[in-house]
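Engineer:
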Amino acid sequence: MTNTRGQWGSRLGFILAAAGSAVGLGNLWKFPYKAGINGGGAFVIIYIAVLFLVGFSLMIAEIAIGRKTQLNALGAYRAINKNWGFAGAIGILAGFIILSFYAVIGGWVIKYLFDSVSGSLFKINAVDYGGHFGSFISSAGSPLFYQALFMVLTLVIVLGGVSSGIEKASKIMMPALFFMMIVLMIRSVTLPGAIEGVKFLFKPDFGKAFTPKVIVDAMGQVFFSLSLGMGCMITYGSYLPRNTNIPFSGTMILILDSFVALLAGLVILPAVFSFGFEPGAGPGLMFITIPAIFSKMAFGNIFAIIFFLLVLFAALTSSISLLEVCVSYVVDEFKKNRIISSVILSIIIFLLGIPSSLANGAWSDFKILGYNFFDFMDMFASNILLPLGGLLLCIFVGWVWKTKNAVHEIQNEGSLKFSIAPLWSFIIKFISPIIIIVIFLTNFGIIKL
Ligand code: PFF
């Protein structure tokens, strides 16, 4: 079975594909708005702390399991210990749920891309972008149409195979995305009054902003943004050749991902302050401020087309990884045809996403634990399932597979130096699980920080 599986063309190919999975709507859309509703700097500091302590060690652990077993998420756990398949199953469930609401946002991106191309986006006055966005997402038909379109695009790529097309396209689109983001960041921070946004992002309010909700949101964001806790990096790691440098690749993915997130924050929040928008406006932040910035820029209409195209690409390189985790599970476990499985899964995921879309309009009064359906799905998957998947991963690698064996794999069976192995082992066995458990208990009010 192993030799029929694909392999990445090169180390760069893997890094870009894995970074393609990591860099997505989580960075461009979610990070700035989560920072916005969670008091800015406090959120960013906790995010960076969790990123380096927990994110880094888990990234390496997931890739190592994948490369060792050369199997999908569930199969990989079970190959090492037959009782641990459930940990992979939790991840697959998370992927299923995340893709259902991810496609809703992906649809919004397509709509904004079309409106940039037709020019209708620029018939609006800069201060009206909020109202325009609100009336679009609260309507019933149009967002569902675009959501379906996003699912179809995701499906088409997955059916075609995540082969050299994606790997090659990533090599062009990822640098293009960085370049665009830097241009936009410069425009945004030089708007009048923009400095308030920069301060908001980097100046933590130690007095009141460190609440359990901020901390849990920051942890959820790390998992979501790095595609961790649901076996995605296990799956991608399973296509790696034996001689790859896992710590180096993991570090690069981490750096690229956090760089894009901070850049997105620096594009969006300064503009929010400059135009007098509300930083805590929530999911619409990117769709309101970005068009407003473009409307103030020379050739803004052209930049808008390129920007939304790149966001769409970033979203698709992530959504295919989400769908792939589910598809490979169904194909492996139930021995079903890959094409039929992909189509059926896409339809079910689309249907599950409908209430998330309607939660922004017709069904906004329907609440679960105080959250609308969309926010509930996000909270449940990102703040509960992914960290739970991460916790199980630490316990598995630290105590079941054992760090000694994991380090042997990371060191390419002895030929590569992994000088921080003792520190990494300690973090996987003790620090990361303790951080995740403490954050969980704090969230449920069982302990008070
Ligand atoms: N990391 C992606 C993003 O930031 O948009 C979302 C994601 C992809 C989460 C794949 C989890 C995953 F397995």
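Mapping of the sequence shown onto the numbering used here: position 152 corresponds to residue 139, and the numbering continues sequentially without gaps. The beta carbon of each residue, even a glycine, is placed where N, CA and C say it ideally should be. Keep in mind that this is a model prediction, so the values were computed, not measured.
1) Closer than 7 Å to a non-hydrogen atom of the ligand PFF - does that hold for the CB of Cys219?
2) Use the C-beta contact count for Pro374: other C-beta atoms within 10 angstroms, 16 or more gives buried, fewer gives exposed.
3) Are the Cβ atoms of Val91 and Ser343 separated by less than 8 Å?
4) What residues are listed by DSSP as bridge partners for Ile355?
5) Hey, would you say the C-beta of Gly82 is under 7 Å away from at least one heavy atom of the ligand PFF?
6) Please state if the CB of Ser369 and the CB of Ile258 are separated by a distance shorter than 8 Å.
7) To the nearest angstrom, how far is it from the Cα of Asp192 to the Cα of Lys55?
8) For my contact list, Met167 and Leu253 are in at a C-beta cut-off of 8 Å; report their separation, rounded to the angstrom.
9) Can you check which of these residues, Ser406, Ser282 and Cys313, is closest to Val145 by C-alpha distance?
10) Whole angstroms are fine: how far does the CA of Ile2 sit from the CA of Gly224?
11) Assess, as a yes-or-no matter, whether the region 61 to 81 is touched by the region 227 to 239 under the definition of 3 or more beta carbon pairs within less than 8 Å.
12) Compare the beta carbon distance of Ala29 and Leu188 with 8 Å and say whether it is the shorter of the two.
13) Whole angstroms are fine: how far does the CA of Val10 sit from the CA of Ser129?
14) What does the alpha-carbon distance come out to for the pair Ile415 and Val114?
15) Looking at Asp118 and the ligand PFF, is the gap between the Cβ and the nearest heavy atom below 7 Å?
16) May I ask you to verify whether the region 101 to 117 touches the region 358 to 367, counting CB pairs closer than 8 Å and requiring at least 3?
17) Provide the residue span of the alpha helix (DSSP H) that contains Arg229, from first to last.
18) Might you give, ordered along the chain, the residues of its own chain that have their beta carbon closer than 6 Å to the beta carbon of Glu396, omitting 5 neighbours on each side?
19) Could you check whether the Cβ of Leu12 sits closer than 7 Å to any heavy atom belonging to the ligand PFF?
20) Specify whether the region 239 to 246 and the region 30 to 45 touch according to this definition: at least 3 beta carbon pairs, one from each stretch, less than 8 Å apart.
21) By the 10 Å Cβ neighbour count, where 16 or more other Cβ atoms means buried, how is Leu272 classified, buried or exposed?
22) What separation, rounded to the nearest whole angstrom, lies between the Cα atoms of Ala440 and Leu213?
23) For Gly263, is the classification buried or exposed, using 16 other Cβ atoms within 10 angstroms of its Cβ as the cut-off for buried?
24) How big is the Cα-Cα spacing for Leu379 and Val209?
25) Classify Asp365: buried if its beta carbon has 16 or more other beta carbons within 10 angstroms, exposed otherwise.
26) Taking the straight line between their C-alpha atoms, what separation do you get for Gly78 and Ile422?
Structural biologist: Taking the structure as given:
1) Yes.
2) With 16 or more other CB atoms across the displayed protein chains lying within 10 angstroms of its CB, Pro374 is buried.
3) In this structure, Val91 sits near Ser343, with a CB-CB distance shorter than 8 Å.
4) Tyr358, per the DSSP bridge assignment.
5) Indeed, a heavy atom of the ligand PFF lies less than 7 Å from the Cβ.
6) With the sequence shown as reference, residue 258 is identified as Ala, and Ile is not the correct amino acid for it. No.
7) Computed Cα separation, rounded: 44 Å.
8) For a cut-off of 8 Å, the C-beta gap from Met167 to Leu253 is around 13 Å, too long to register as a contact.
9) Closest by alpha carbon: Cys313.
10) Distance from the CA atom of Gly224 to the CA atom of Ile2, rounded to whole angstroms, is 10 Å.
11) No, because fewer than three Cβ pairs between the region 227 to 239 and the region 61 to 81 fall closer than 8 Å, the two stretches do not touch.
12) Their beta carbons are not under 8 Å apart, which means Ala29 does not touch Leu188 by this criterion.
13) If you take the alpha carbons of Ser129 and Val10, they lie about 27 Å apart.
14) Spanning the two alpha carbons is a distance of roughly 48 Å.
15) Here residue 118 is Gly; the residue named in the question, Asp, does not match the sequence. Look at Gly118: its beta carbon is at least 7 Å from all of the heavy atoms in the ligand PFF.
16) Note that the region 101 to 117 does not touch the region 358 to 367; fewer than 3 beta-carbon pairs, one per stretch, sit closer than 8 Å.
17) According to the DSSP assignment, Arg229 belongs to no alpha helix (DSSP H), since it is labelled neither H nor E.
18) Leaving aside the five residues that flank Glu396 on each side, the residues in its chain whose CB is nearer than 6 Å to its CB run, in chain order, Ala51 and Lys55.
19) Relative to the ligand PFF, the beta carbon of Leu12 is positioned inside 7 Å of a heavy atom.
20) They touch, by the three-pair rule.
21) Flag for Leu272 reads buried.
22) Given that the chain is displayed from residue -12 to residue 436, the structure contains no residue 440 and the question cannot be resolved.
23) Exposure of Gly263 is indicated by the presence of fewer than 16 other C-beta atoms within 10 angstroms of its C-beta.
24) Answer to the nearest angstrom: the Cα atoms are 16 Å apart.
25) Buried, by the Cβ-count rule.
26) Going by the C-alpha atoms only, they are around 20 Å apart.
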